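Residue numbers (the working numbering), protein chains in the order written: chain A, 133 to 211; chain B, 133 to 211; chain C, 8 to 145; chain D, 8 to 145.
Just so you know, even glycine gets a beta-carbon here, dropped at the ideal spot from N, CA and C.
Just so you know, these numbers come straight off a predicted model, no measurement behind them.
Below you'll find the structure, written out as structure tokens, and then a few comments.
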Amino acid sequence: MKITLLAFGIVKDIFKAPQLEIDCEVADAGALKQMLADKYPELKKLAHYMVAVNNEYATDTTAIKEGDEIAIIPPVSGG
Amino acid sequence: MKITLLAFGIVKDIFKAPQLEIDCEVADAGALKQMLADKYPELKKLAHYMVAVNNEYATDTTAIKEGDEIAIIPPVSGG
Amino acid sequence: MIDIQLQNEAVDIAACIEWVRTPTSGGVDVFIGTVRDTTKGKKVLALDFEAYAAMALSEMKKIADEVITKWPVDRILIHHRIGKLSVGEVPVVIAVSAAHRDAAFDACRYAIDTLKKTVPIFKKEIFEDGEVWVSAHP
Amino acid sequence: MIDIQLQNEAVDIAACIEWVRTPTSGGVDVFIGTVRDTTKGKKVLALDFEAYAAMALSEMKKIADEVITKWPVDRILIHHRIGKLSVGEVPVVIAVSAAHRDAAFDACRYAIDTLKKTVPIFKKEIFEDGEVWVSAHP
Numbered sequence: 133m134k135i136t137l138l139a140f141g142i143v144k145d146i147f148k149a150p151q152l153e154i155d156c157e158v159a160d161a162g163a164l165k166q167m168l169a170d171k172y173p174e175l176k177k178l179a180h181y182m183v184a185v186n187n188e189y190a191t192d193t194t195a196i197k198e199g200d201e202i203a204i205i206p207p208v209s210g211g
Numbered sequence: 133m134k135i136t137l138l139a140f141g142i143v144k145d146i147f148k149a150p151q152l153e154i155d156c157e158v159a160d161a162g163a164l165k166q167m168l169a170d171k172y173p174e175l176k177k178l179a180h181y182m183v184a185v186n187n188e189y190a191t192d193t194t195a196i197k198e199g200d201e202i203a204i205i206p207p208v209s210g211g
Numbered sequence: 008m009i010d011i012q013l014q015n016e017a018v019d020i021a022a023c024i025e026w027v028r029t030p031t032s033g034g035v036d037v038f039i040g041t042v043r044d045t046t047k048g049k050k051v052l053a054l055d056f057e058a059y060a061a062m063a064l065s066e067m068k069k070i071a072d073e074v075i076t077k078w079p080v081d082r083i084l085i086h087h088r089i090g091k092l093s094v095g096e097v098p099v100v101i102a103v104s105a106a107h108r109d110a111a112f113d114a115c116r117y118a119i120d121t122l123k124k125t126v127p128i129f130k131k132e133i134f135e136d137g138e139v140w141v142s143a144h145p
Numbered sequence: 008m009i010d011i012q013l014q015n016e017a018v019d020i021a022a023c024i025e026w027v028r029t030p031t032s033g034g035v036d037v038f039i040g041t042v043r044d045t046t047k048g049k050k051v052l053a054l055d056f057e058a059y060a061a062m063a064l065s066e067m068k069k070i071a072d073e074v075i076t077k078w079p080v081d082r083i084l085i086h087h088r089i090g091k092l093s094v095g096e097v098p099v100v101i102a103v104s105a106a107h108r109d110a111a112f113d114a115c116r117y118a119i120d121t122l123k124k125t126v127p128i129f130k131k132e133i134f135e136d137g138e139v140w141v142s143a144h145p
């Protein structure tokens with residue numbers, strides 16, 4: 133399936149783009165994180181990073197399907 | 133000796149004056165409180181009251197001498 | 008730095024906050040006391056504050072000095088108003104700036120808690136049917 | 008009542024405080040984040056904030072909703088700024104009004120502590136010799 137990943141903060145630098153269109157078969161956020169970590173080893177150097185699906189933080193078992201708004205979220209630092 | 137007592141809050145109502153000139157022999161703040169409680173029984177109904185000598189809260193053993201600025205301070209309620 | 012005031016005129020909240028901000032501060036905590044319209048379910052018309060001015064200033068200064076000693080804060084300001092205040096008006100503003108917010112929060116809360124215990128300021132609640140000196144009786 | 012905003016323009020601190028004040032409030036606690044001139048001993052020129060806007064708003068609203076549930080507060084406001092801010096400028100204002108000050112203090116502190124953990128806003132520190140995304144690396 134085709135999914136769009138929104139990137140923020142340092143993830144934008146790692147992806148070298150504010151969003152990424154990818155074609156892949158991942159059932160859940162955990163599988164997506166694994167796939168991304170393989171493709172972008174810089175992600176593994178972060179303190180941590182989260183996946184958000186449709187504006188909610190996902191756990192590894194959160195399902196991903198075509199059309200979802202998926203974001204890759206590095207450590208937040210608002211305030 | 134002659135001393136002047138400054139009264140604040142409800143103590144002003146009890147003394148019926150913002151300040152009181154009295155002629156008495158009291159060695160310390162404890163003795164003063166006792167004398168005042170006898171003369172103004174309404175003071176005993178307060179949650180508590182303090183004596184301040186020269187802008188500092190006094191303990192019962194704080195000495196009192198002529199010329200001191202003495203204030204009778206009911207429960208505070210600023211803020 | 009410390010700024011302590013006891014005043015008849017309205018406290019200028021924006022100016023208080025402006026005064027505590029410094030380039031080394033990462034955060035400011037501000038407490039703003041406001042006159043409530045009820046107390047223990049009874050409608051309040053106004054509060055009338057009086058102070059033993061000289062001692063109130065000296066006790067407020069003690070609080071600020073203690074705050075500066077106990078917490079790594081940049082500036083602390085305590086402005087207290089006296090006189091008759093209507094519902095919604097502001098009797099007190101305490102503002103504290105610090106490099107890190109924990110110190111600002113802790114210091115500001117300590118300052119208002121201590122002010123309410125030690126500073127000789129006295130308020131009378133004015134109701135439709137009478138007046139009561141707050142906390143005077145058990 | 009809740010007021011949440013994510014904005015490019017400067018946060019109007021006085022208007023924020025005015026909005027939370029109500030006749031039932033006895034106190035307001037306000038936290039004002041400010042851009043510090045140094046971090047870990049290094050001179051900071053500016054901070055650049057970006058947000059995942061839709062989710063940041065929804066996470067800020069969650070915090071406000073939770074505060075309203077957990078503490079007896081009257082109103083809570085959270086205004087966060089994005090874009091490039093110089094030293095002394097204000098990235099965030101959180102204001103909470105309540106009948107009693109303990110609730111205002113606890114709720115305001117909880118809100119800023121939680122915002123810094125959960126709201127997808129990201130800041131880059133801009134130094135004379137480069138830029139660093141804050142907290143990105145261990």
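Bridge-paired residues (DSSP) for residue i
i	result
His-86 of chain C	C:Gln-12 and C:Val-100
Leu-158 of chain A	The amino acid occupying residue 158 of chain A in the given sequence is Val; Leu does not appear at that position. Val-158 of chain A pairs with nothing; no bridge assigned.
Leu-138 of chain B	B:Gln-151 and B:Ala-203
Lys-68 of chain D	Answer by DSSP bridge pairing: none, since Lys-68 of chain D is not bridged.
Phe-38 of chain D	C:Asp-36 and D:Ile-101
Gly-137 of chain C	C:Phe-134
Met-182 of chain B	B:Ile-205
Lys-197 of chain B	DSSP output for Lys-197 of chain B lists no bridge partner at all.
Glu-57 of chain D	D:Phe-129
Leu-92 of chain D	D:Leu-54
Glu-188 of chain B	B:Val-185
Val-80 of chain C	C:Ala-105
Lys-49 of chain D	D:Thr-46
Rounded separation between residue i and residue j - CA only
i	j	result
Glu-138 of chain C	Thr-191 of chain A	59 Å
Val-51 of chain C	His-180 of chain B	25 Å
Gly-40 of chain C	Met-133 of chain B	43 Å
Ala-17 of chain D	Val-100 of chain D	11 Å
Val-74 of chain C	Met-67 of chain C	11 Å
Ile-119 of chain C	Leu-54 of chain C	18 Å
Leu-168 of chain B	Ala-143 of chain C	17 Å
Ala-71 of chain C	Trp-78 of chain C	11 Å
Glu-198 of chain B	Ile-135 of chain B	6 Å
Thr-45 of chain D	Leu-152 of chain A	35 Å
Glu-57 of chain D	Lys-91 of chain D	9 Å
Asp-170 of chain B	Tyr-59 of chain C	24 Å
Phe-38 of chain D	Arg-116 of chain D	8 Å
Ala-110 of chain C	Ile-202 of chain B	37 Å
Leu-137 of chain A	Met-182 of chain A	12 Å
Ile-20 of chain D	Ala-114 of chain C	21 Å
Asn-15 of chain D	His-107 of chain D	33 Å
Val-185 of chain B	Met-8 of chain D	48 Å
Asp-200 of chain A	Lys-124 of chain D	24 Å
Ala-22 of chain D	His-87 of chain C	21 Å
Val-97 of chain C	Gly-33 of chain D	9 Å
Glu-157 of chain A	Pro-145 of chain D	31 Å
Ile-133 of chain C	Lys-177 of chain B	21 Å
Ala-61 of chain C	Asn-187 of chain B	7 Å
Lys-47 of chain C	Asp-145 of chain B	24 Å
Ile-204 of chain A	Val-143 of chain A	7 Å
Thr-31 of chain D	Ala-161 of chain A	46 Å
Pro-173 of chain A	Lys-165 of chain A	11 Å
Gly-141 of chain A	Lys-49 of chain C	53 Å
Ile-11 of chain C	Phe-112 of chain D	22 Å
Glu-135 of chain D	Ile-89 of chain D	21 Å
Ala-163 of chain A	Ala-105 of chain D	46 Å
Ile-196 of chain A	Asp-155 of chain A	13 Å
Thr-76 of chain D	Pro-150 of chain B	47 Å
Leu-175 of chain B	Tyr-189 of chain B	17 Å
Ala-102 of chain C	Trp-140 of chain D	30 Å
Thr-193 of chain A	Lys-69 of chain D	22 Å
Nearest-angstrom beta carbon gap, residue j and residue i [assumed within contact, 8 Å]
i	j	result
Leu-64 of chain C	Leu-122 of chain C	Incorrect: roughly 12 Å between the Cβ atoms, too far for contact.
Phe-147 of chain B	Ala-159 of chain B	Rounded, the Cβ-Cβ distance is 22 Å, inconsistent with contact.
Val-94 of chain D	Val-42 of chain D	5 Å
State whether the stretch 74 to 91 of chain C contacts the stretch 26 to 35 of chain C, with contact taken as three or more CB pairs (one from each stretch) at a distance under 8 Å.
Contact between the stretch 74 to 91 of chain C and the stretch 26 to 35 of chain C is present: three or more C-beta pairs spanning the two stretches fall below 8 Å.
Quick one: any contact between the stretch 201 to 209 of chain B and the stretch 123 to 135 of chain C, if contact means 3 or more CB pairs under 8 Å?
With the rule of 3 Cβ pairs closer than 8 Å, the stretch 201 to 209 of chain B counts as touching the stretch 123 to 135 of chain C.
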